[in-house]
Amino acid sequence: MSSKLNSQHQESSLFDAVTELMMTLDLNLRIQWTNQKASQLVNEDPENLEGRHCFQIWHGRGSPCENCPALMTKQTGEPQESEIKTPDGRYWHLRSYPLRSQEGDLESIAEIALDITQSKKAEEQNRFLSAIVENSYDSVIVTDSSFQITYINKETEELFGYKIDEIQGNNPTILHAESNTQEAFRKIYEVVASGETYIDEALRKRKDGSTFVCDLRVMPLLNDDGTAYSYVGIHRDITERKRAEAALQESEKKFRNIFNNSSEAIFIHDTNGRFLEVNDVACERLGYMREELLGMTPMDINTLESEQIISERIRSLHQEGQICFETTHARKDGHRIPVEVTSRLIDYQGMCQDSCRF
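Sequential numbering from 4 applies to the sequence shown in our numbering.
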């Protein structure tokens with residue numbers, strides 16, 4: 004008798020030590036027995052739960068839950084499992100098993116519940132992040148710690164022309180178009196191996212052999228101990244931007260050549276009169292360095308005219324868009340030069356400015 008009690012005590016201690024909620028139910032889904040974990044969840048003694056419906060205690064319902072595995076076991080006589088969310092927001096993985104008499108008749112049902120809330124939330128977050136990555140306008144390439152490709156998003160397929168099954172398991176260097184691929188990879192590795200993010204422009208190659216320039220960002224994903232378990236490479240095609248920059252530089256070069264090779268002195272100033280740009284002829288005629296003139300206004304070179312006259316001209320210019328007048332400019336050495344000025348409003352650096360030619 005003592006040996007039997009000892010065995011029962013050990014069994015009870017074992018059931019109370021597990022992390023799962025455990026219980027047995029009769030065929031009406033009334034509780035016959037629970038372990039300590041199950042009763043502690045509802046702050047009740049196990050004895051107070053006996054004879055009460057499981058769905059009422061844990062779910063606050065008046066009838067069995069949808070996809071209730073215990074109910075399905077009652078109906079089929081077979082083990083069942085499902086996932087259920089309780090009103091407190093927790094997720095549970097439930098498994099139920101038939102308990103039979105010696106004659107094989109179904110007498111009761113054993114149910115085991117495992118709290119999977121954290122893993123479900125992690126899954127939801129992963130789905131959320133995956134949706135963001137899949138709909139990103141940037142190419143995203145993920146590798147393992149050995150730099151073997153494990154994932155690419157849709158934009159990567161569009162940008163490089165590869166499907167995941169064509170590129171998975173390869174090193175990202177197959178996408179490099181630099182003349183010295185290994186040296187380029189070494190620079191990236193040195194940065195990410197230290198736990199930092201690598202940022203630079205890079206030349207990349209598509210499946211069809213065509214190349215493009217991209218903004219590249221490679222970052223390590225680190226374990227708690229600081230070691231990398233994965234790397235993420237983000238590519239943004241900047242080919243059009245680079246072309247636009249080159250076109251702008253060429254345009255600025257042409258503008259500068261025309262501006263500085265004009266036979267007339269040209270001043271560009273803002274609506275407050277501050278000089279923004281002057282050409283070489285303006286500097287030569289007035290005897291100032293360019294840097295000196297850029298800190299000046301028309302009042303500094305029209306010394307014989309009052310501020311009121313200059314302000315009136317500016318108002319007329321804003322009303323008419325263009326004016327022409329005669330005045331006298333003062334050189335740095337004090338010598339005075341009679342000039343005819345044509346002044347018009349122009350769009351300079353995205354703002355309305357005044358261009359004067361003498």
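Where is the CB? At the ideal position from N, CA and C, for every residue including glycine.
- Leaving aside the five residues that flank residue 139 on each side, the residues in its chain whose CB is nearer than 7 Å to its CB run, in chain order, 156, 158.
- Contact check between the stretch 42 to 62 and the stretch 23 to 34: three or more CB pairs, one atom from each, fall below 8 Å, which counts as touching.
- Within 10 angstroms of the beta-carbon of residue 182 lie fewer than 16 other beta-carbons, which makes it exposed.
- Selection 189, 203, 204 evaluated against residue 197 yields 189 as nearest (Cα-Cα).
- Looking at the DSSP output, residue 84 sits in a beta bridge with 98.
- For residue 232, the three-state secondary structure derived from DSSP is strand.
- Contact between the stretch 279 to 297 and the stretch 315 to 335 is present, with at least three C-beta pairs closer than 8 Å.
- When DSSP assignments are scanned along the stretch 262 to 330, the uninterrupted stretches of alpha helix (DSSP H) that are 4 or more residues long and fall wholly within it turn out to be 283 to 289, 293 to 296, 301 to 304, 310 to 323.
- When DSSP assignments are scanned along the stretch 39 to 93, the uninterrupted stretches of alpha helix (DSSP H) that are 4 or more residues long and fall wholly within it turn out to be 39 to 44, 49 to 52, 57 to 62, 72 to 79.
- For residue 122, the uninterrupted alpha helix (DSSP H) run begins and ends at 120 to 137, by DSSP.
- With 16 or more other Cβ atoms inside 10 Å of its own Cβ, residue 72 counts as buried.
- A buried status is given to residue 178, since no fewer than 16 other beta-carbon atoms sit within 10 Å of its beta-carbon.
- In terms of Cα proximity to residue 278, the closest of 285, 269, 265, 297 is 297.
- In this chain, residue 215 is not harboured by any alpha helix (DSSP H); it is covered by the beta strand (DSSP E) spanning 214 to 225.
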